[in-house]
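Residue numbers (this note's numbering): 3 to 355.
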């Protein structure tokens, strides 16, 4: 397949794909199958932290509607993200069918159950457990796990599983020294930086200071609600586009109107686009990852870097060959209209929408 007349960077180019891979990116316009009409062509977005959308949740273990919705909104790959729930519920999710038309499921992100009760956020405290390598072995296709490294057994757990999946520090009350130790043992990311963790203080830098010193990846919810504009910009300056990963942290209310919803067995109220528990605790977002890219641009981050933080950077964190429009990379691409809505989504070299 050939996509032509596509704006990549500041030039109109053509992209040839074969067998789901990008075979050639040409500067000249070669007539082909899809006329991009001078619109922007970007790599497909990769959401590594999303719980759900349009009334569906990862814990429902029904992924077909989610795959379709994400593809329609420019997300070509994602990690369905679990809640802190019982082992049987988690095993049901990881054993569910994941091969559907639309966005690719690359594996699962376990947000818990090995987290801090103090910083549980919108997670259900009764399902929190101490890290156990033996218990974790029962789950298949876990690509990322959020862990509070101060819990007993965490360091041994991190050291053991870091070669199999991305270990992300989050929902934690750990101090700087503990975070440094976790990173030295293999942790390579912070889960939704600033949220559900100690703040960065000048004499007590905590996990955020450790992440900056070690320059690991940080996941940033850029929905315009979780993190204020100045802090989004400061994070971009601190970690750069190479280490900042935009995430949606969306829940089942994404794509739906204000109302009452459920997440992880807890009641969630969506008002004016903000999702909260009944006690006021923020309970995820109702944004898509493309919405987060738009917000980053609106806040003043350059377009190319905003896209990179939602495509190439998460791909690099996961160690996969996606997120770039270059020969040899997966042909997951999105053509955008001027208003940043999706014109066409292309997954593995085939048009989805």
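A virtual CB, placed ideally from N, CA and C, is assigned to each residue, including glycine.
Because the structure is a prediction, the values reported are computed rather than measured.
Check the C-beta distance from residue i over to residue j and give it rounded, since I have them as a contact under 8 Å.
{"i": "residue 317", "j": "residue 24", "result": "About 13 Å separates the two Cβ atoms, so there is no contact after all."}
{"i": "residue 175", "j": "residue 152", "result": "6 Å"}
{"i": "residue 147", "j": "residue 209", "result": "The Cβ separation is near 16 Å, so there is no contact."}
{"i": "residue 327", "j": "residue 43", "result": "7 Å"}
{"i": "residue 168", "j": "residue 160", "result": "With a Cβ gap of about 11 Å, residue 168 and residue 160 do not count as contacting."}
{"i": "residue 76", "j": "residue 347", "result": "6 Å"}
{"i": "residue 107", "j": "residue 86", "result": "20 Å between Cβ atoms; not a contact."}
Can the beta-carbon of residue i be found closer than 8 Å to that of residue j?
{"i": "residue 65", "j": "residue 98", "result": "yes"}
{"i": "residue 111", "j": "residue 145", "result": "yes"}
{"i": "residue 218", "j": "residue 194", "result": "no"}
{"i": "residue 329", "j": "residue 26", "result": "yes"}
{"i": "residue 275", "j": "residue 288", "result": "yes"}
{"i": "residue 173", "j": "residue 150", "result": "yes"}
{"i": "residue 128", "j": "residue 115", "result": "no"}
{"i": "residue 40", "j": "residue 9", "result": "yes"}
{"i": "residue 293", "j": "residue 225", "result": "yes"}
{"i": "residue 257", "j": "residue 69", "result": "no"}
{"i": "residue 325", "j": "residue 45", "result": "yes"}
{"i": "residue 220", "j": "residue 191", "result": "yes"}
{"i": "residue 104", "j": "residue 73", "result": "yes"}
Take residue i and list the residues in its own chain whose beta-carbon comes closer than 7 Å to its own, dropping the five residues that flank it on each side.
{"i": "residue 286", "result": "53, 124, 251, 252, 253, 265 and 277"}
{"i": "residue 301", "result": "231, 234 and 235"}
{"i": "residue 33", "result": "6"}
{"i": "residue 211", "result": "178 and 202"}
Assign residue i to one of three DSSP states: helix, strand, or coil.
{"i": "residue 277", "result": "strand"}
{"i": "residue 20", "result": "strand"}
{"i": "residue 137", "result": "helix"}
{"i": "residue 241", "result": "helix"}
{"i": "residue 85", "result": "coil"}
{"i": "residue 262", "result": "strand"}
Which one or two residues does DSSP pair with residue i in a beta bridge?
{"i": "residue 80", "result": "49 and 107"}
{"i": "residue 42", "result": "9 and 338"}
{"i": "residue 58", "result": "55"}
{"i": "residue 349", "result": "352"}
{"i": "residue 28", "result": "16"}
{"i": "residue 284", "result": "278"}
{"i": "residue 66", "result": "DSSP, once it has assigned bridges, lists no residue as partnering residue 66."}
Among the residues of its own chain, which have a CB less than 6 Å from the CB of residue i, if the five just before and after it don't count?
{"i": "residue 260", "result": "272 and 273"}
{"i": "residue 243", "result": "307, 310 and 311"}
{"i": "residue 187", "result": "157, 160 and 161"}
{"i": "residue 36", "result": "5"}
{"i": "residue 342", "result": "296"}
Could you pull out every residue in the same chain whose Cβ sits closer than 8 Å to the Cβ of residue i, ignoring the five residues on either side in sequence?
{"i": "residue 245", "result": "217, 218, 219, 220 and 315"}
{"i": "residue 280", "result": "269 and 271"}
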